[in-house]
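Going down the list, the sequences are from chains A and B. All residue numbers for the first sequence refer to the numbering used here, where the first residue is 1 and numbers rise by one. All residue numbers for the second sequence refer to the numbering used here, where the first residue is 1001 and numbers rise by one. Here the structure is laid out as structure tokens; the discussion comes afterwards.
Protein chains: 2
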Amino acid sequence: MPCVYEYSRPALTVDCVVFGFDGGDLQVLLIRRGLEPFKDRWALPGGFVHLDETLDEAARRELAEETGLREVFLEQLHTFGAVERDPRERVVSVAYFALVKPTAATAATDAAEAEWFPVASIPPLAFDHAEIFAAALARLRGKLRYDPLGFELLPPKFTLSQLQGLYEAVLGTALDKRNFRKKVLGFDLLVPLNEKHRDGAHRPAQLFRFDPAKYRRLKKQGFLFEL
Amino acid sequence: MPCVYEYSRPALTVDCVVFGFDGGDLQVLLIRRGLEPFKDRWALPGGFVHLDETLDEAARRELAEETGLREVFLEQLHTFGAVERDPRERVVSVAYFALVKPTAATAATDAAEAEWFPVASIPPLAFDHAEIFAAALARLRGKLRYDPLGFELLPPKFTLSQLQGLYEAVLGTALDKRNFRKKVLGFDLLVPLNEKHRDGAHRPAQLFRFDPAKYRRLKKQGFLFEL
DNA sequence: TTGACTTAGTGTTAATTTAACACTTTATTT
DNA sequence: AAATAAAGTGTTAAATTAACACTAAGTCAA
Chain A
1 MPCVYEYSRP ALTVDCVVFG FDGGDLQVLL IRRGLEPFKD RWALPGGFVH
51 LDETLDEAAR RELAEETGLR EVFLEQLHTF GAVERDPRER VVSVAYFALV
101 KPTAATAATD AAEAEWFPVA SIPPLAFDHA EIFAAALARL RGKLRYDPLG
151 FELLPPKFTL SQLQGLYEAV LGTALDKRNF RKKVLGFDLL VPLNEKHRDG
201 AHRPAQLFRF DPAKYRRLKK QGFLFEL
Chain B
1001 MPCVYEYSRP ALTVDCVVFG FDGGDLQVLL IRRGLEPFKD RWALPGGFVH
1051 LDETLDEAAR RELAEETGLR EVFLEQLHTF GAVERDPRER VVSVAYFALV
1101 KPTAATAATD AAEAEWFPVA SIPPLAFDHA EIFAAALARL RGKLRYDPLG
1151 FELLPPKFTL SQLQGLYEAV LGTALDKRNF RKKVLGFDLL VPLNEKHRDG
1201 AHRPAQLFRF DPAKYRRLKK QGFLFEL
């Protein structure tokens, strides 16, 4: 714990790994750097923590400033503190990972130098951002199994096929359709809507929404969402 | 990512939640503060991050300085950045959790103002350390289920009863002896030693050691240690 | 030395969960 | 109206988990 305040200090930043899902691939939002070092390289959105804001607030502010995204799912990931991670001086960065729904996601592409990349083909990144990205992806894959994170990547109304496709894209494995549906419907956390999703020359699909309030209630009672 | 370096900076510290197990209760190591603020309150060991060390190094250094502990299991937990968490000025703290084996643990009690407390009866803590402690305990409980962390809290040679007692103490639930033994032996990660643990007027117990190298090998192949 | 005591150690069975698998339904398009 | 394409639906075998009680091996005291 702090006792004296006389050391010179590292700079403190936040960086965000923003994931999106377009129905096919899991994607990450990157920013092209306009300044040295790593000018013109792709990088994670982020920036300095101000003295009057929490770390979460800093992450949300930077995300809004650099990508236009607001109201996204945001969770702290890990803090990266290698001594030479920034070539100029000591910078410690608190990394976040964010999940955005497709509706919000399109807004991000408006941002001048922001672009979505499929996670399987990320360009070379500035600083240690490749390491941060890898950690975020590993975390997302891990958490998806026992936390209903997936819904943060889908529109508010979605079909079971979309949900399954998301799980398959993130986890990188094929899932059995019948077993998948049995399982997720068994939790009783998906509310069927009076609405169908029409999409091409075939049978339309039932739309559902996720019931987050019910999930929170169940979680307090020790319930675990497991895939 | 950093672009300019002109903001005034938060101070950066590390704090460690050090867990130990005495065969009965899960315990935490606390330090009595000698200085204001929170003078004479109990607090987590920790201190400032120097410019020439990583965060992990800072945590190990502070742990050694304040408690005498070295070579402990150490993992980054979460970074705490509430604006008013230190009453004097803005301080952001990277929290770690540490697991120490009983052999090492006794060394810690030599440290002047360090003391072990059962996690069920922690005194009031300085700063936001109660929150950090709660996060660490939740993380330990969560991770114990799917990561072989428990061995970091036991001596290198241990009996299955000791191992089970540890799991029960941390998770707070009773476990079935036969099922527990079947499960952990089934992983084939415990090596029986040519040695028995004698302890009182009853049958002595087989001693085992954990095989970390084998575990790492299996983990790479997607194996999960699950209780 | 023997009997009482205490913890170590051990298997079987029922219940639950998971994994594998194929056809019918409902819309659109031509 | 026929072709197409994804949606939707149950059963069974296999694997895992949960429940449960006695014997074994040592120490200690009478």
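All C-beta atoms in this analysis are idealised placements derived from N, C-alpha and C, irrespective of residue type, glycine included. Here the structure is a predicted model, which is why all the values come from computation and not from measurement.
Please report the residue range of the alpha helix (DSSP H) in which residue i lies.
i               : result
Q1164 (chain B) : L1160 to L1171
E75 (chain A)   : Element bounds for E75 (chain A): not the alpha helix (DSSP H) but the beta strand (DSSP E), F73 to F80.
I1132 (chain B) : H1129 to L1144
A1059 (chain B) : L1055 to T1067
G20 (chain A)   : Counting along the chain, G20 (chain A) falls outside any alpha helix (DSSP H), though it belongs to the beta strand (DSSP E) covering A11 to F21.
If you follow the beta strand (DSSP E) that residue i is in, where does it begin and where does it stop?
i               : result
P1118 (chain B) : A1114 to P1118
R209 (chain A)  : A205 to F210
H1050 (chain B) : From DSSP, H1050 (chain B) is part of no beta strand (DSSP E); its letter is neither H nor E.
R32 (chain A)   : L26 to R32
K1196 (chain B) : L1190 to H1197
L185 (chain A)  : It is not in any beta strand (DSSP E) - L185 (chain A) instead sits in the alpha helix (DSSP H) that spans K177 to G186.
V92 (chain A)   : V91 to L99
At least one CB of chain A closer than 7 Å to the CB of residue i: is that the case?
i               : result
T1054 (chain B) : yes
R1009 (chain B) : yes
V1083 (chain B) : yes
L1051 (chain B) : yes
A1205 (chain B) : no
R1216 (chain B) : no
Of all Cβ atoms in chain B, is any one closer than 7 Å to the Cβ of residue i?
i              : result
R141 (chain A) : no
L26 (chain A)  : no
R90 (chain A)  : yes
C3 (chain A)   : Low local confidence applies: a pLDDT of 42 at C3 (chain A) is under 50, so the model's placement there is unreliable, with the coordinate-based value given in what follows. So, interface residue.
For residue i and residue j, which I take to be in contact (beta-carbon distance under 8 Å), what is that distance rounded to the nearest angstrom?
i               : j               : result
L1207 (chain B) : K1157 (chain B) : 4 Å
V1018 (chain B) : A1095 (chain B) : So it is not a contact: roughly 11 Å between Cβ atoms.
L166 (chain A)  : G150 (chain A)  : 5 Å
V92 (chain A)   : T79 (chain A)   : 6 Å
P1087 (chain B) : P1010 (chain B) : At roughly 14 Å, the Cβ-Cβ gap does not stay under 8 Å, so P1087 (chain B) and P1010 (chain B) are not in contact.
L29 (chain A)   : T67 (chain A)   : 6 Å
V1072 (chain B) : A1104 (chain B) : 7 Å
G1020 (chain B) : Q1162 (chain B) : Incorrect: roughly 14 Å between the Cβ atoms, too far for contact.
F117 (chain A)  : Q27 (chain A)   : 6 Å
Q164 (chain A)  : K177 (chain A)  : 7 Å
V119 (chain A)  : L137 (chain A)  : 6 Å
R1139 (chain B) : L1077 (chain B) : 6 Å
Does the distance between the C-beta of residue i and the nearest non-hydrogen atom of the ligand ADP fall short of 6 Å?
i             : result
L29 (chain A) : By its list of ligands, the structure shown contains no ligand whatsoever, and the ligand ADP lies outside what it can speak to.
With 7 Å as the limit, tell me which residues of the segment 1093-1107 of chain B have their beta carbon closer than that to any beta carbon of chain A; keep them in chain order. Flagged, chain order: V1094.
Do three or more CB pairs link the segment 1190-1199 of chain B to the segment 1042-1055 of chain B at distances below 8 Å? no
In the segment 68-79 of chain A, which residues sit with their C-beta less than 7 Å from some C-beta in chain B, listed in chain order? Q76, H78 and T79
Listed in chain order, which residues of the segment 12-25 of chain A have Cβ atoms closer than 7 Å to some Cβ of chain B? Those residues of the segment 12-25 of chain A that come within reach of chain B (Cβ to Cβ, closer than 7 Å) are L12, T13 and D15.
At least 3 beta-carbon pairs within less than 8 Å: the segment 115-127 of chain A vs the segment 37-48 of chain A: yes
Any contact of the segment 54-70 of chain A with the segment 131-145 of chain A, i.e. 3+ C-beta pairs under 8 Å? Verdict: no, contact absent.
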